[in-house]
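Enquirer: No gaps in the numbering here: position 5 of the first sequence is -8 in my numbering, and each next residue is one more.
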Amino acid sequence: MLRLHDTASGRLEVVRAPEGAPLRLYVCGPTVYGPPHIGHGRQSLVYDVLRRYLEWTGQPVHHVSNVTDVDDKIINRAGSELRDWREIAEESEQSWWQAMDLMGLARPDETPHATEFIPGMVEVIEQLVARGAAYEIDDGVYFSVAAVPDYGLLAHQPLESLRSGARVEVASGKRSPLDFVLWKKAKPGEPSWPSPFGPGRPGWHTECVVMSLGLLGEGFELHGGGTDLKFPHHENERAQAVALGRRFAAHWMHHGMVEVGGAKMAKSIGNVTDLGELLASTDPRAYRLLVLQSHYRAPIEVTPVQLEAASQTLERLDSLARRLEEAPGGELAPAADPGLLESFRERMDDDLDTPRAMAMVFDAVRLANALLAGDDVAGGVARGRQALECAAAVGLRAAIPAVVSEAAAELASRRDRARAERDWAAADHLRDELVALGYRVEDTASGTRVYR
RNA sequence: GGCGGCGUGGCCGAGUGGUUCAGGCAAGGGCCUGCAAAGCCCUCUACAGCGGUUCGAUUCCGCUCGCCGCCUCCA
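Right, dumping it as C-alpha cells:
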C-alpha cells in the first residue's frame, strides 16, 4: 500500500485507486520553449519510477502529463528569433521526447497540449466569472483569490501572509496582488483565440485544471510536479477547481530540484545543464540510478563525479547479469525467496524510499555474487534474479551484453586454447586483440568471457 | 518579513533514541587468478556548535552559526 508525503496535509497519506481502477496521475509537464535540462530529466525519472513501480505491484496507472505549447516564453523567443511560435514549440517538444526516449522513460498515456483545450478553458473562465470568482479588466480576466477561503493550502500559509510577501507588482486594476490572469487579451501580432472577452490566450494556470479534470475526472488520485510549482501554480490550479465547485486532486506530491553548487538550477539563473548533453556523455541509466539513490523530495546535485560513481555502481549490476546468464543450471534456480521483494516493496511504499530500496538491491547483488562464488550457485542465481527484478521494477535494467562478433568469439576460443596450453604470451596477445576490438575480457570458470 | 528545508565518515548519499550494519564511489590490505579483469573478505567508525530531556542522543527539545528553497517565470 503506497503512502506518499502529501503536500496538502504535510503528512504521509495512503494513495490508492478504487478497486480495479487505474491510479490517476497528473504531472505538470514542460513549457516547450527550449531543449530540456537535467531538472526536467529528474522530474521525468521520478514519475517514471513511481509509475513503473505501481505497475510492477499490479496497480495500473493512468498517467497524463501536459505540454504547454502556448506561453509568453515561446512567443518571446519566436519574436526575438523572427520565427513562428508554433515552430519553436514543435521543435522544443521534439527535443523533449527525444531526450525522454534516450532515458528509457515510459511515455505518459496522454500528453495533452494546451492549444487543443482552449475552448474548454474559455468555458471554465466564463464559469468562474459567472460565479464571481473572476473579473475582467483592460488587459484580461483575472481570478480573485479572495473567492477561495482556504487559498494557501499548498503553500501552508494564509492568504494574508502570502500577500505580505508578494513581490509581484500590482497590475492596474488587479484587486489583489495575488490575483492571477486567466485570459490574456492579445496585443497586435500575438497568437490569439476567440473568447467572450475578446481574442487572446489563456494564462498558464488554467490548462492543467481543464486537462486533468477532463482527462482523468474529478478527484483524481495524485497530482505531481516540481516543488517550485507548489506555489503559485498548483495553488492556483486548485483555487480554480474549488471555485468551480469541483473535486480536484486527492493528493499532491512534489519532487525536489536539481541544484548546482547548492543553488537551484534554473533557466532564469543560467546555471543550466542541457539534458541532451548529459545523455550524450553518460550512460542514461547512471542518471536514473543517481535519482534513485537520493530521495525524490530532496534536492540533488548532478555532477560528473557523481555520474561517474553511478556508472561504476551500474557495473556491479551488469556484471551480475553476465554471471547469471552463464550460471550453470540457472533455469533450474529455485523460486526467489520473497523476503527481498517484500522488503523492497516496504521501502518503496514508504514514500518512495528509493535510496533504501537501492541499498537493499546492491546488498542483494553482493550476496548473490558471494553465493555464486561459493558453493551455492542456485541460491546465488535466485538472489541475483531478485536483485535484478527489483532494479527493473524501477526502470533500471542490467545491460544486455552485446552480441559478440564471430571474429571475437574466434579470438576468445583461441585464447582458451592458448590458456589450456599455458601459452600465456599468446593468451595475453589475444586478449589485447579483443580489447582493441572494443571488448572487455574476463576469465570465468567456463573460459574467456567477452562483452562490450 | 512569512512559510519550509538542510548541515552525516576522503566523496556522494540514507537512516535511527541504546547491542552489528545503510548503500555506492574512492583508498589501503587480503583471497581468488599464470597475469589482468570481475567477484568476495577486511580496514577507513561520521553525524555543524552549545545547552536541555533521558539510565542513554547523531536521532527528541531549545538556542547559535552556516546554507538553501518558496512567497515573480520556473521541473
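C-beta atoms are modelled at their ideal positions from N, C-alpha and C, and glycine is treated no differently. Remember, it's a predicted structure, so these values are computed and weren't measured experimentally.
I need the boundaries of the alpha helix (DSSP H) containing W191, first residue and last residue.
Expert: 191 to 203
Enquirer: So, does the segment 323 to 343 touch the segment 287 to 307, judging by three or more C-beta pairs under 8 Å?
Expert: No, the segment 323 to 343 does not touch the segment 287 to 307.
Enquirer: Have a look at the DSSP bridge pairing and note the partners of V48.
Expert: Its beta-bridge partners are L10.
Enquirer: Leaving out five residues before and five after K172 in sequence, what residues of the same chain have Cβ atoms less than 6 Å from its Cβ?
Expert: D126, G127, G185, G187
Enquirer: Look at the Cβ atom of V478, then the Cβ atom of I25, and state whether they are nearer than 8 Å.
Expert: Beyond the ends of the chain as shown, which are -12 and 439, falls residue 478; an answer cannot be given.
Enquirer: Give me the residue from D415, A76, D(-7), T435 with the minimum Cα distance to D403.
Expert: T435
Enquirer: With distance defined between alpha-carbon atoms, name the residue in A414, G152, L203, A296 nearest to P9.
Expert: L203
Enquirer: Near P216, which residues of its chain fall below 6 Å by C-beta distance, leaving aside the five closest residues on each side in sequence?
Expert: Per the sequence shown, residue 216 should be read as Leu rather than Pro. C15, listed in sequence order.
Enquirer: With burial defined as no fewer than 16 other Cβ atoms inside 10 Å of the residue's Cβ, what is the status of T44: buried or exposed?
Expert: exposed
Enquirer: Given a threshold of 16 other Cβ atoms within 10 Å of its Cβ, counted over all protein chains shown, does K174 qualify as buried or as exposed?
Expert: Burial call: exposed.
Enquirer: Mind the definition here: the segment -12 to -3 touches the segment 220 to 240 only if three or more C-beta pairs lie below 8 Å; say whether that holds.
Expert: yes
Enquirer: Find out if the Cβ-Cβ distance for the pair R272, L383 is shorter than 8 Å.
Expert: yes
Enquirer: Would H282 and P342 be called neighbours here (beta carbons separated by less than 8 Å)?
Expert: yes
Enquirer: List the endpoints of the continuous beta strand (DSSP E) containing R436.
Expert: 434 to 438
Enquirer: Counting pairs of beta carbons, one from the segment 352 to 363 and one from the segment 67 to 77, are three or more of them closer than 8 Å?
Expert: no
Enquirer: Could you check the C-alpha separation between S52 and L421 for me, to the nearest Å?
Expert: 46 Å
Enquirer: Give me the Cβ distance between F104 and V247, rounded to the nearest whole Å; I'm assuming they're in contact under 8 Å.
Expert: That pair is no contact at about 35 Å.
Enquirer: Could you work out which residue in S151, P5, V229, A369 is closest to A120 when comparing CA atoms only?
Expert: V229
Enquirer: Between which residues of its own chain and Q30 is the CB-CB distance below 8 Å, once the five residues before and five after are set aside?
Expert: V14, G212, G213, H242
Enquirer: In chain order, what residues of the same chain have a beta carbon less than 7 Å from the beta carbon of K60, not counting five sequence neighbours either side?
Expert: T18, Y20
Enquirer: W180 to S298, Cα distance in whole Å?
Expert: 49 Å
Enquirer: Out of H416, L209, E78, which has the shortest C-alpha to C-alpha gap to L12?
Expert: L209
Enquirer: For the beta strand (DSSP E) containing F468, name the first residue and the last one.
Expert: In this structure the chain extends from -12 to 439, so residue 468 is not present and cannot be described.
Enquirer: Measuring CB to CB, does M347 end up less than 8 Å from L327?
Expert: yes
Enquirer: Closer than 7 Å by C-beta to L301: which residues in its own chain qualify, once you throw out the five before and the five after it? Chain order, please.
Expert: D270, R272, A273, L276
Enquirer: Have a look at V54 and S148 and give me their C-alpha separation to the nearest angstrom.
Expert: 32 Å
Enquirer: Between P23 and A86, which are expected to be in contact by the criterion C-beta below 8 Å, what is the C-beta distance as a whole number of angstroms?
Expert: In this structure P23 touches A86 by the C-beta definition: roughly 5 Å separates them, less than 8 Å.
Enquirer: Going residue by residue through the segment 323 to 403, where are the continuous alpha helix (DSSP H) segments of at least 4 residues, counting only ones entirely within it?
Expert: 325 to 336, 341 to 360, 364 to 380
Enquirer: If L(-9) sits next to H143, beta carbons under 8 Å apart, how far is it from one beta carbon to the other, in whole angstroms?
Expert: That belief does not hold up - the Cβ atoms of L(-9) and H143 are roughly 17 Å apart, past 8 Å.
Enquirer: Look at L294 and M345 and say whether their C-beta atoms are less than 8 Å apart.
Expert: no
Enquirer: Count the other CB atoms within 10 Å of the CB of I387; is the residue buried (16 or more) or exposed (fewer)?
Expert: Exposed, since its Cβ has fewer than 16 Cβ neighbours within 10 Å.
Enquirer: Should L(-1) and L266 be called a contact, given that it needs their Cβ atoms to be closer than 8 Å?
Expert: no
Enquirer: Can you name the start and end residues of the alpha helix (DSSP H) that G107 belongs to?
Expert: 105 to 117
Enquirer: In chain order, what residues of the same chain have a beta carbon less than 8 Å from the beta carbon of I256, not counting five sequence neighbours either side?
Expert: A250
Enquirer: Could you check if A385 belongs to the surroundings of the ligand GTP, using beta carbon to heavy atom distance under 7 Å?
Expert: As for the ligand GTP, it is missing from this structure, which has no ligand bound.
Enquirer: Which of helix, strand or coil does DSSP assign to K161?
Expert: Coil, per DSSP.
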